[in-house]
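Q: Starting off with a structure, shown below.
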Amino acid sequence: MAPRTDALTREVVDLIATVVARYHEEYEEAAARHSLTGAQAKVLALLAGEPQPMRRIAQQLRCEPSNVTGIVDRLESRGLAERRPDPDDRRVKLAAATAEGTATAERLRESLNFAREPLAGLSAQERTVLRDLLRRMLGDDAAG
């Protein structure tokens with residue numbers, strides 16, 4: 304018999320789903336303003352952090368490496384990304400954001416306003432508690 308879920312847990316799950324849906328909606332809109340798909344914007348954000356092998360990008364996005372290849376191809380054609388040899392293993396190609404790609408990723412991130420105003424209404428202590436609870440839910444309570 305499956306465990307029963309109490310009303311509070313259901314409400315929390317529903318609220319999380321609403322937050323996720325709103326975030327994705329705003330992310331897609333922000334990406335479109337930069338003439339990017341949501342997937343292209345996500346890959347660009349990862350590459351702006353550090354150059355990465357395509358396989359690792361695919362793992363982070365939970366998709367096939369061939370999908371990442373197509374996304375990086377499109378970013379590369381726009382001058383937002385490039386491929387370069389891995390300095391530690393020249394057999395491996397890394398995808399990396401160009402200077403324009405990094406600037407675009409930063410502009411996109413700055414244009415995401417979702418949750419900024421509601422979070423600003425919370426004290427630093429409340430934001431810290433929220434962060435820590437979310438990390439615990441994700442099994443990442445040692446992070447930070």
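Residue numbering for the sequence shown follows the numbering used here, beginning at 304 and increasing consecutively. Built from N, CA and C at the ideal position, the CB exists for glycine as well. Being a predicted model, the structure only gives us computed values, none of them experimental.
Taking the straight line between their C-alpha atoms, what separation do you get for THR431 and ARG394?
A: Whole-angstrom Cα-Cα distance: 43 Å.
Q: Locate the alpha helix (DSSP H) running through ALA324, then write down its first and last residues.
A: Looking at the DSSP string, the run of the alpha helix (DSSP H) that includes ALA324 is 310 to 336.
Q: With distances taken from CA atoms, which of ARG313, ASP309, SER338 is nearest ARG410?
A: That would be SER338, whose Cα lies nearest to the Cα of ARG410.
Q: Give the DSSP-derived three-state secondary structure of ARG386 in the structure shown.
A: ARG386 falls in the strand class under three-state DSSP.
Q: Tell me, which residues are paired with LEU397 by DSSP?
A: Partner(s): PRO356, ARG387.
Q: Quick check on the DSSP output: the alpha helix (DSSP H) that includes ALA406 runs from which residue to which?
A: Residues 402 to 414.
Q: Three-state secondary structure (DSSP) at ASP392?
A: Reduced to three states, the DSSP call for ASP392 is strand.
Q: Can you give the beta carbon distance from VAL346 to VAL323, rounded, assuming they're within the 8 Å contact cut?
A: Between VAL323 and VAL346 the Cβ distance is about 19 Å, and since that is not below 8 Å, they are no contact.
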